[in-house]
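Q: My questions all concern the structure below.
Chains as they are written, first to last, in our numbering: chain A, 66 to 321; chain B, 66 to 321; chain C, 66 to 321.
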């Protein structure tokens with residue numbers, strides 16, 4: 066840190082299991098990736114190459130190398146897994162992970178119908194090869210999953226071998242955990258937290274108000290995902306109580 | 066492509082007449098322009114220097130050189146044409162196009178009142194010098210043009226020598242083809258398509274939901290414009306059915 | 066300028082007291098800062114390192130050097146001042162300004178309660194060390210300050226030694242001068258202008274419609290702040306009547 070302030074909440078250090086920030090790269094150039102790392106490498110725990118953008122980006126291997134050199138793991142968005150599965154090319158997907166020496170992979174069913182048992186079987190198989198993140202929630206805003214089912218799915222997927230489960234929100238933050246307005250489904254989040262350990266969940270929260278809501282509820286070291294590259298520094302200040310939105314949250318109230 | 070997936074819609078190749086992507090540069094630096102090309106050159110068919118931003122950007126010639134080296138044509142936004150015309154400096158505009166060796170130009174009347182015959186005359190004159198794109202639609206959200214008139218104007222402008230006609234939406238996607246909420250004027254688009262050839266139209270569609278709507282209606286190879294630099298890769302995945310929004314659109318339904 | 070157009074409003078030149086553009090840097094990398102300067106240095110009068118982002122950016126000294134080399138002053142967002150004050154570390158803040166050789170500082174009370182006399186005392190003290198910008202308005206959208214009080218505070222703060230006063234809007238443009246929808250509190254602005262000199266105020270106006278509103282009311286040379294880096298070129302065209310929104314505003318109407 067560039068200077069000293071009292072009453073700054075303590076942040077976890079890498080490798081983080083809580084206080085984790087997952088960033089979405091949806092097509093950065095090599096220089097843009099380097100720029101991101103130059104300001105934010107310490108605050109980024111993992112990078113997702115959004116949905117199937119890796120199919121069309123010409124700089125894939127070079128970008129993987131840039132992130133690897135910074136010690137930050139990368140994974141392909143779950144939509145890519147689904148794109149292979151829906152085409153009955155799951156074995157090709159496994160070979161793809163090997164080809165690019167991926168150490169993480171996401172299993173999701175945001176765009177397709179998948180039997181929960183089948184999903185868990187994919188998790189089990191991939192967990193022999195990589196660290197698995199599994200995602201719960203549909204990308205279809207009309208498809209509302211009730212809280213008890215979120216919990217059941219998350220528990221089963223962790224049980225099947227997922228390292229962490231991700232709560233779906235998309236790049237926009239307007240489905241899954243959130244209403245189409247971006248408003249948090251507070252009851253859903255609170256009910257999930259009664260049954261699933263805090264540190265096992267990554268909450269996709271691309272909008273500032275969503276990040277603020279989670280930091281206020283769960284503290285500086287909540288796991289957040291789908292953070293845009295240019296929002297990593299702002300998010301870090303929200304976690305530390307150094308932006309207006311959380312400014313007084315971590316202060317010793319008796320001293321104010 | 067970095068790997069192989071079945072059932073990916075076929076895309077047209079450059080020089081494209083359909084499946085065309087027009088990107089808006091509203092003041093990129095040289096390095097940012099290079100970054101854009103490094104990830105997206107294959108997917109960009111033409112670049113518009115938004116409205117009259119070319120007046121105030123200090124790097125104009127250098128940027129034109131960067132785009133030229135990538136083989137991507139560039140044109141000045143129609144507002145610049147209008148700025149010259151409204152000042153009775155049309156001859157200066159023609160000299161400007163020569164000075165910068167521009168091979169494309171836009172004729173529009175989004176910010177001024179112009180008689181349709183006069184507009185066609187400008188198209189005719191400029192078509193002797195460059196390839197002309199003409200734009201239909203007002204930037205004034207209160208000025209609603211009925212569908213039959215859109216069609217009449219588009220047909221007359223193509224007849225006068227425009228290579229393609231552009232449907233107005235602005236950078237924001239909230240006028241012309243769209244309501245102020247960004248919602249597509251579906252009846253307008255569908256009526257236009259009954260009379261004007263699909264490949265003669267470029268639809269300005271800066272918002273993701275608008276791009277998705279057009280790809281679902283007209284397929285992977287619809288012509289789209291006013292795409293922000295960082296949305297070219299995402300748009301390409303939408304065209305290919307590799308983002309949630311169009312994920313099942315191109316799949317063989319009987320195999321699902 | 067790259068070419069000549071008649072009827073372009075005259076812009077002030079640096080060092081500007083009106084027609085001033087303040088840009089918000091909320092975590093740019095060194096290269097991104099260089100990119101910004103390469104296109105926009107002539108149009109940027111001062112750069113704010115947004116709120117307390119300077120706490121977590123690893124490139125602080127280097128970035129200050131880049132901006133200094135371009136002759137553009139920089140200051141820390143007011144939230145940083147407040148973070149020190151609320152922790153009773155005001156002396157540390159003064160040392161921090163010296164350590165980084167800052168020549169400007171902001172005094173604000175957007176996130177904390179502060180007695181107006183105390184705020185003026187901070188202004189007086191800091192004015193012996195740096196040029197002071199003071200900000201009026203709360204970051205809390207529920208806290209509405211009536212116009213007469215804005216005026217009283219602005220006058221007192223200028224009297225205490227503030228070089229200019231800033232009207233609060235945040236990065237989003239949805240508090241202070243604006244309703245949560247982003248709409249300008251027109252009556253507030255107009256009433257302030259009856260009592261506080263035009264050139265003593267910097268209006269935070271991050272949204273395009275807000276910038277347009279101020280340029281239409283106060284002309285090309287209104288002082289505007291919280292401009293995002295990629296909006297500096299677009300703003301300059303709005304000031305010059307070269308974007309649709311202000312296109313006819315500066316034209317000699319009798320010639321149209």
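Built from N, CA and C at the ideal position, the CB exists for glycine as well.
Pick helix, strand or coil for residue 252 of chain C, following the three-state DSSP scheme.
A: Residue state, collapsed to three classes: helix.
Q: Bridge partners for residue 202 of chain B per DSSP, in chain order?
A: According to DSSP, which records beta bridges pairwise, residue 202 of chain B is partnered with nothing at all.
Q: Comparing the C-beta of residue 124 of chain B with each C-beta of chain C, is any distance below 8 angstroms?
A: Yes, its Cβ sits closer than 8 angstroms to a Cβ of chain C.
Q: What does a CB cutoff of less than 6 angstroms around residue 110 of chain A pick up in its chain, not counting 5 residues either side in sequence?
A: Closer than 6 angstroms at the Cβ level, and outside the excluded window around residue 110 of chain A, lie 81, 85, 86.
Q: Distance check for residue 154 of chain C and residue 70 of chain A, CA to CA, integer angstroms please.
A: Roughly 8 angstroms separates the two Cα atoms.
Q: What residues of chain B sit near residue 103 of chain C, judged by a beta carbon separation below 8 angstroms?
A: Chain B residues near residue 103 of chain C: 94, 95, 96, 123, 124.
Q: Flag this pair as touching only if the stretch 170 to 185 of chain C and the stretch 224 to 238 of chain C have three or more C-beta atom pairs under 8 angstroms; answer yes or no.
A: Yes, since at least three Cβ pairs between the stretch 170 to 185 of chain C and the stretch 224 to 238 of chain C fall closer than 8 angstroms, the two stretches touch.
Q: Using only CA atoms, which one of C:294, C:168, C:303 lies nearest to residue 106 of chain C?
A: Among C:294, C:168, C:303, the Cα nearest to that of residue 106 of chain C belongs to C:294.
Q: What residue from C:147, C:158, C:116, C:168 has the CA that sits closest to residue 132 of chain C's CA?
A: Of the candidates C:147, C:158, C:116, C:168, the one whose C-alpha sits nearest the C-alpha of residue 132 of chain C is C:168.
Q: Taking DSSP as the reference, what is the three-state secondary structure of residue 90 of chain A?
A: Strand, per DSSP.
Q: Cβ closer than 7 angstroms: which chain B residues qualify as neighbours of residue 119 of chain A?
A: Chain B residues near residue 119 of chain A: 67.
Q: May I ask which residues mark the beginning and end of the beta strand (DSSP E) holding residue 171 of chain B?
A: Taken as a continuous stretch (DSSP letters only), the beta strand (DSSP E) holding residue 171 of chain B covers 169 to 172.
Q: Note down, one range per segment and in chain order, each alpha helix (DSSP H) of at least 4 residues found wholly within the stretch 127 to 196 of chain B.
A: The qualifying runs are 143 to 151, 155 to 164, 181 to 191.
Q: Please confirm if the stretch 232 to 248 of chain B is in contact with the stretch 264 to 271 of chain B, defined as three or more CB-CB distances below 8 angstroms between the two stretches.
A: Flag = yes, the stretch 232 to 248 of chain B and the stretch 264 to 271 of chain B touch.
Q: Taking only three categories from DSSP, how would you classify residue 216 of chain B?
A: Helix, per DSSP.
Q: Please identify, using Cβ separations under 9 angstroms, the residues of the stretch 131 to 153 of chain C that lie next to chain A, in order along the chain.
A: Within the stretch 131 to 153 of chain C, the qualifying residues are 144, 145, 147, 148, 149, 151, 152, 153.
Q: Hey, out of B:278, B:218, B:236, whose CA is closest to residue 250 of chain B's CA?
A: The residue with the shortest Cα to Cα distance from residue 250 of chain B is B:278.
Q: Pick helix, strand or coil for residue 223 of chain B, following the three-state DSSP scheme.
A: Of the three classes helix, strand and coil, the one that applies to residue 223 of chain B here is helix, per DSSP.
Q: What alpha helix (DSSP H) runs, 4 residues minimum, are completely inside the stretch 240 to 312 of chain C?
A: The stretch 240 to 312 of chain C contains these whole alpha helix (DSSP H) runs: 251 to 258, 273 to 283, 297 to 304.
Q: How far does the alpha helix (DSSP H) with residue 102 of chain B in it reach, from first residue to last?
A: Residue 102 of chain B -> alpha helix (DSSP H) spans 95 to 105.
Q: Residue 102 of chain B: which of A:88, A:104, A:122 sits nearest, CA to CA?
A: Minimum Cα distance to residue 102 of chain B is reached at A:122.
Q: Between B:296, B:163, B:236, B:77, which has its C-alpha nearest residue 126 of chain B's C-alpha?
A: Nearest C-alpha to residue 126 of chain B: B:163.
Q: Does the beta carbon of residue 241 of chain A come closer than 8 angstroms to any beta carbon on chain C?
A: Chain C, which has no Cβ nearer than 8 angstroms to the Cβ of residue 241 of chain A, makes this no.
Q: Residue 114 of chain C by DSSP, collapsed to three states: which one?
A: Three-state DSSP puts residue 114 of chain C in a strand.
Q: Keeping to the same chain, check which residues put their C-beta closer than 7 angstroms to that of residue 181 of chain B; ignore five residues upstream and five downstream.
A: Contacts found: 218, 221.
Q: Kindly list, in the order they appear in chain C, the residues whose Cβ is closer than 7 angstroms to that of residue 298 of chain A.
A: Residues of chain C passing the Cβ test: 91, 92, 118, 121, 122.
Q: For residue 176 of chain B, decide whether its Cβ has a neighbour in chain F, counting only Cβ atoms nearer than 8 angstroms.
A: Protein chains in the displayed structure are A, B and C, and chain F is not among them.
Q: Would you say residue 295 of chain B lies against chain A (beta-carbon separation less than 8 angstroms)?
A: Yes, contact with chain A.
Q: May I have the straight-line CA-CA distance separating residue 183 of chain B from residue 165 of chain B, to the nearest angstrom?
A: Taking the straight line joining both Cα atoms gives about 25 angstroms.
Q: Let's test the definition: count the other Cβ atoms within 10 Å of the Cβ of residue 317 of chain B and tell me whether it reaches 16, buried, or not, exposed.
A: Its Cβ having fewer than 16 others within 10 Å, residue 317 of chain B is exposed.
Q: Could you pull the DSSP bridge partners for residue 229 of chain C from this structure?
A: Paired residue(s): C:198.
Q: List, in order along the chain, the chain C residues whose C-beta lies closer than 9 angstroms to that of residue 282 of chain B?
A: Correct list: empty, because the minimum Cβ distance to chain C is about 27 angstroms.
Q: Using only the heavy atoms of the ligand MG, determine whether one of them is closer than 7 angstroms to the beta carbon of residue 196 of chain B.
A: Among the components of this structure there are no ligands whatsoever, and the ligand MG is therefore not found.
Q: Please list, in chain order, the chain C residues whose beta carbon lies closer than 7 angstroms to that of residue 72 of chain A.
A: The contacting residues are 152.
Q: Among the candidates C:178, C:108, C:150, C:310, whose CA atom is the shortest distance from the CA of residue 138 of chain C?
A: The residue with the shortest Cα to Cα distance from residue 138 of chain C is C:108.
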